[in-house]
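Below is one structure, written out as structure tokens; the observations come after it.
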Amino acid sequence: MNFDDLLTEEAKKVIRETLDVKKENVNEAFAAQPKQVSVKTDFLSNANVQNHVELYEDYIEKFNNTSAKLDSVDKSSVNSNHSGFRSIKIDETFNMNGAYLHELYFSNIGDTQSRISMDSLSFMRLNRDFGTFDDWQRDFIACGKASRCGWVVTYLNMYTQSYMNCVIDLHSEHVPVGMYPVIVMDLWQHAYYRDYLKDADAYMSAMMKQLRWSVIEKRFEKADRILSIVRGA
Ligand SMILES: [Fe+2]
């Protein structure tokens, strides 16, 4: 019997408070802090944004919870049908991706002066890997329409060494490996339903008009540097 299993969460809380230990395990647990979010856009109401930010903060909290629990979970009886360890690992991915994708999404929308320069790295790379910039945009929007509850992400694919769009359902399914995300769009219903009801296409069209290309450009610059390292240059 694992001694940890004998303790209730309440008992563990009392012990941590008594010992003045902030986390379940000070040596291993990872604690993420929510980022300050400021989204000012003509196309989303303040109530919609605020509701969204609260969901993001909940992903951070749950990610921290899973990280702390993994420090003490029983690994001796792990199996693929039913085990606490498996459940927490799946939840860890779900909440970590939920937090990370939201940070990327919030910071790459809401630019009321949105415009992309034809000599920017973003424009040149999208042009190169999708045929034209308009082809990227058509593909990105098509991915949005194909998404259930999930995301559309333009990312640097380490395997093909080019930029691609992908459809992610939820936060833990259909996430390609070897991706570095540069443009992120939230297609969960909570992202738009308050303002657009079920019209995800109208929401998507509106968001495309306020992409924050200055932030996206920095990501492309970083992605290109990563690619240089991957290629061994
Ligand atoms: Fe969201």
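To convert a position in the sequence shown, counted from 1, into the working numbering, add 463. Each residue gets a CB set at the ideal place from its N, CA and C atoms; glycine is no exception. This structure is a prediction, so every number in the text was calculated from the model and none was measured.
Fill in: Option nearest Pro-639 by Cα separation, candidates Lys-661, Asp-649, Arg-682 and Val-615
Val-615
Fill in: Other residues of its chain near Ala-665: CB distance less than 7 Å, five sequence neighbours each side excluded
Tyr-659
Worksheet item: What first and last residue would you give for the alpha helix (DSSP H) that runs through Val-693?
Response: 676 to 693
Worksheet item: Are the beta-carbon atoms belonging to Cys-606 and Val-630 less than 8 Å from one another?
Response: yes
Fill in: In chain order, each alpha helix (DSSP H) run of at least 4 residues that lies wholly inside the region 565 to 609
584 to 593 and 596 to 609
Fill in: Other residues of its chain near Phe-683: CB distance less than 7 Å, five sequence neighbours each side excluded
Leu-584, Ser-585, Arg-588 and Val-645
Fill in: One or two residues paired with Pro-644 in a DSSP bridge
Tyr-618
Fill in: For Ser-625: DSSP bridge partner residues
Asn-620
Worksheet item: Using a Cβ-Cβ cut-off of 6 Å (strictly less than) and excluding sequence neighbours within five positions of Lys-608, which residues of its own chain qualify?
Response: none
Worksheet item: So, helix, strand or coil for Asp-632, using DSSP?
Response: strand
Worksheet item: Looking only at C-alpha atoms, which of Arg-694, Asn-628 and Arg-611 sits nearest to Ala-654?
Response: Out of Arg-694, Asn-628 and Arg-611, Arg-611 has the C-alpha closest to the C-alpha of Ala-654.
Practice prompt. Specify, as a first and last residue, the run of the alpha helix (DSSP H) that Lys-525 falls within.
Written response: 509 to 533
Discussion item. Below 8 Å on the Cβ atoms is my contact criterion, and I expect Arg-657 with Asn-514 to pass it. Report the Cβ-Cβ distance as a whole number of Å.
Written reply: 7 Å
Discussion item. Strictly by DSSP, which residues pair up with Gly-613?
Written reply: Asp-632
Worksheet item: In chain order, what residues of the same chain lie with their CB nearer than 6 Å to the CB of Ile-692, ignoring the 5 residues before and after it?
Response: none
Worksheet item: Are Ser-635 and Thr-529 closer than 8 Å when you measure CB to CB?
Response: no
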